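*Asks:* So that we are looking at the same thing, I have put the structure below in structure tokens.
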Amino acid sequence: ADDNASGIATVTEVARVALAHGFAPQRTVQFIAYAAEEVGLWGSGEIAADYAAAGVNVVAVLNLDMTGYHGSTEDVFLISDYTHTELNAFVASLLDTYQPTLLRSTDDCGYGCSDHASWSAEGFRASFPFEASFNGASPYIHGSSDTAANLTNGASHAVKFARLAAAFLVETSLDGLDVIFLDPFESGGLTAWSGTVVEP
326 ADDNASGIAT VTEVARVALA HGFAPQRTVQ FIAYAAEEVG LWGSGEIAAD
376 YAAAGVNVVA VLNLDMTGYH GSTEDVFLIS DYTHTELNAF VASLLDTYQP
426 TLLRSTDDCG YGCSDHASWS AEGFRASFPF EASFNGASPY IHGSSDTAAN
476 LTNGASHAVK FARLAAAFLV ETSLDGLDVI FLDPFESGGL TAWSGTVVEP
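In our numbering, the protein residues as written are 326 to 525.
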């Protein structure tokens, strides 16, 4: 339920709400659920490689993997390895702006632990907000105990990530995005988050 269903459910709910409210981004948005993450990032690896080979200008990738277990004092951890420093700073600013009462921190996986690593490997900007410190993640994953009963208060922790993803969707789908990073973007671009891609 947490790994990776909570991330997929979070992204799906953001898509549902955006559609229900008639949100009209200034770039095209695609929602992608990756396959075979646990066995070597195959799905995201193939998509990121295809985008790189096609020369697609990916502006940013926000990967949501596990969002349902509150295993640390802090609410959101930004994973610092296999991610883009300036994009992480932008995601942190979204948290500070739209959810100022949340506690955030940073941690690292020590390896390419989720689909953000596929995008980073292809030279794209990626960020990976995670449910807890890497060692504080749900102890129930990868087994039959990874059930909804072992999430934190139902979906209450995942709501924080849905709000973050919604802010990311709105803020990155606007024109003039190149002002948010230290290095300017080429005109146009794509934005991806947990399988979401935004195109001009």
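Note that beta-carbon positions come from the ideal geometry of N, C-alpha and C, so glycine has one too. Source: prediction; values computed, not measured.
Are H441 and F459 touching if we call contact CB-CB under 8 Å?
*Replies:* Cβ atoms of H441 and F459: not closer than 8 Å.
*Asks:* Whole angstroms is fine: what's the gap from G435's alpha carbon to D406's?
*Replies:* 7 Å
*Asks:* Between the beta-carbon of V416 and the beta-carbon of L389, is there less than 8 Å?
*Replies:* no
*Asks:* Which one of H395, G347 and H346 has the shortest CA to CA distance from E483?
*Replies:* Before going on, a small fix: residue 483 reads as Ala here, not Glu. The shortest C-alpha separation from A483 is found at H395.
*Asks:* Nearest to F455 by CA position, among S430, Y359 and Y465, is which residue?
*Replies:* Checked all of S430, Y359 and Y465; the closest Cα to F455 is S430.
*Asks:* So V495 is in the alpha helix (DSSP H); what residue range does that whole segment cover?
*Replies:* Note, V495: alpha helix (DSSP H), S481 to T497.
*Asks:* Hey, would you say D471 sits closer than 8 Å to A360, going by beta carbons?
*Replies:* no
*Asks:* Compare the Cα-Cα distances from A379 to each of E447, A487 and E362 and report the closest residue.
*Replies:* E447
*Asks:* Are the C-beta of A442 and some C-beta of chain C separated by less than 8 Å?
*Replies:* Considering every chain present, this structure includes no chain C. It has just one protein chain.
*Asks:* Sorted by chain position, which residues of the same chain lie with C-beta nearer than 6 Å to A582's C-beta, five sequence neighbours on each side aside?
*Replies:* The question about residue 582 has no answer, for the chain in this structure spans 326 to 525.
*Asks:* On the DSSP bridge list, what partners appear for I404?
*Replies:* Residue pairing by DSSP places I404 opposite D432 in a beta bridge.
*Asks:* Any idea if S369 is buried or exposed, counting beta-carbon neighbours within 10 angstroms, 16 or more meaning buried?
*Replies:* buried
*Asks:* Does N413 pass the burial test, meaning 16 or more other C-beta atoms within 10 Å, or should it be called exposed?
*Replies:* buried
*Asks:* Along the chain, where does the beta strand (DSSP E) containing V364 start, and where does it finish?
*Replies:* That residue, V364, is in no beta strand (DSSP E); it is neither H nor E in DSSP.
*Asks:* How is the alpha helix (DSSP H) around L420 delimited, first residue to last?
*Replies:* T410 to Y423
*Asks:* Among M391, A474 and F449, whose alpha-carbon lies nearest the alpha-carbon of A377?
*Replies:* F449
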